[in-house]
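Going by full-length UniProt numbering, the first residue of the sequence shown is number 1, and it counts up by one from there.
Here a beta-carbon is modelled for each residue, glycine too, at the ideal position from N, C-alpha and C.
Notes to accompany the following structure.
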Amino acid sequence: KFYKKKIKINLAIDYNGGHSKSIFWDFINSKKNKTLIVVRDKLTEESYSKDYKDYNSTFDNEGFINFLEAPLIWAKSVIESFKLYFNNFNLPSDYYRQICFIPNKRVKYKAFFNKYNCKYFLGRDDYNYQHIIRNQEIRKIKGCSFGLNHGIDSINKVAFQLRYIDWDFYYMHGLYQFNNIYKKYWPKKMKVRGIGAMMANPNQHIKIKSKSEKNIAIIVAPSYHQKLIFKSIEELAIFFPSIKFYIFTKWKHRNVGTFGKLYQNLIKSRLKNVQECLQPVYDMLHK
Numbered sequence: 001k002f003y004k005k006k007i008k009i010n011l012a013i014d015y016n017g018g019h020s021k022s023i024f025w026d027f028i029n030s031k032k033n034k035t036l037i038v039v040r041d042k043l044t045e046e047s048y049s050k051d052y053k054d055y056n057s058t059f060d061n062e063g064f065i066n067f068l069e070a071p072l073i074w075a076k077s078v079i080e081s082f083k084l085y086f087n088n089f090n091l092p093s094d095y096y097r098q099i100c101f102i103p104n105k106r107v108k109y110k111a112f113f114n115k116y117n118c119k120y121f122l123g124r125d126d127y128n129y130q131h132i133i134r135n136q137e138i139r140k141i142k143g144c145s146f147g148l149n150h151g152i153d154s155i156n157k158v159a160f161q162l163r164y165i166d167w168d169f170y171y172m173h174g175l176y177q178f179n180n181i182y183k184k185y186w187p188k189k190m191k192v193r194g195i196g197a198m199m200a201n202p203n204q205h206i207k208i209k210s211k212s213e214k215n216i217a218i219i220v221a222p223s224y225h226q227k228l229i230f231k232s233i234e235e236l237a238i239f240f241p242s243i244k245f246y247i248f249t250k251w252k253h254r255n256v257g258t259f260g261k262l263y264q265n266l267i268k269s270r271l272k273n274v275q276e277c278l279q280p281v282y283d284m285l286h287k
């Protein structure tokens, strides 16, 4: 196309599924018509479309390249492909196959920001190199990127996926890992903030801080040691009958596979102090 008018967007959000995230979206940007939900794939759309039906939505491969700029973009992609090949051809194929896609991803995001002039882009893919390319492209249109640390660093102290990240603003649960490990690796210009549980709203934060009970919340998910985990929960519940154990998992795991069977067996057991929590996880933590 020779020319197409850009669509101005205040906030674009990387979306990979989930039922409760719209509460967070509205908290950071109350005007739904100014928020663009960028859906990662067709499967996510088929599974969760009803959860973002009140918002404008698109895919990250939606965009356009002007006819006049196409030859230059093509030439740059070819040059970048050759550079990547000569610098990385000796790597194992499972590494190189990710690297060789970089020029394609760059064109994809350039086309995306040609169509959508985003002031801010919230990414949830800090573990994926693609966010670096996307953030390089949004800066070219004077946009700003910010990311959320994926999950809480409770399973492992250091995540190799987070060795190289690049955001304008990056929000974490706390700053301990940043100050003690990542600070010397991450970009100096990136502003890192510790904000606590980012999906908890202010009222939930207040309730969590004021809780007086001594019950236990257990958040479980499929894992290699899942049988041992469920056995341990059962033993703890038997050993501490006066303590309530609130069990929570993502809805998609509740009835699926071996994990689903173990989960259902636990919550349907005769242990009266084991209860499943179906409400949002941050409403569970103050119990």
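- Excluding the 5 residues flanking it on each side, I195 has same chain C-beta neighbours closer than 7 angstroms at Y171, in chain order.
- Assigned with DSSP and collapsed to three states, S269 falls in coil, not helix or strand.
- The C-alpha of K272 is placed about 28 angstroms away from the C-alpha of A200.
- No Cβ-Cβ contact shorter than 9 angstroms links M190 with I219.
- Boundaries cannot be given for F160, as no beta strand (DSSP E) includes it and DSSP labels it neither H nor E.
- Annotated three-state conformation of I219 is strand, per DSSP.
- Separation of N16 and I233 (C-alpha to C-alpha, rounded to the nearest whole angstrom) is 30 angstroms.
- No Cβ-Cβ contact shorter than 9 angstroms links D14 with F82.
- For I243, the closest of Q275, H253 and F230 by C-alpha to C-alpha distance is Q275.
- Secondary structure at Y55: coil, using DSSP grouped into helix, strand and coil.
- In the three-state reduction of the DSSP assignment, Y171 falls in the strand class, which pools E and B.
- At the C-beta level, N56 and T35 come within 9 angstroms of one another.
- For R193, the uninterrupted beta strand (DSSP E) segment begins and ends at K191 to G194.
- Bridge pairing for I133: absent [DSSP].
- Closest in C-alpha terms to K50, from the list L91, N61 and S22, comes S22.
- As the crow flies, the alpha-carbon of F89 is around 13 angstroms from that of F101.
- For I9, the enclosing beta strand (DSSP E) begins and ends at I7 to Y15.
- In the structure shown, I141 falls within a coil segment according to DSSP collapsed to helix, strand and coil.
- Excluding residues up to 5 positions away in sequence, G123, D126, W167 and Y170 lie with their Cβ nearer than 6 angstroms to the Cβ of G147 in the same chain.
- Within the DSSP bridge table, the entry for G257 names no partner.
- In the DSSP assignment, K32 falls outside any alpha helix (DSSP H) and carries neither an H nor an E.
- In the three-state DSSP reduction, I102 falls in the helix class (H, G or I).
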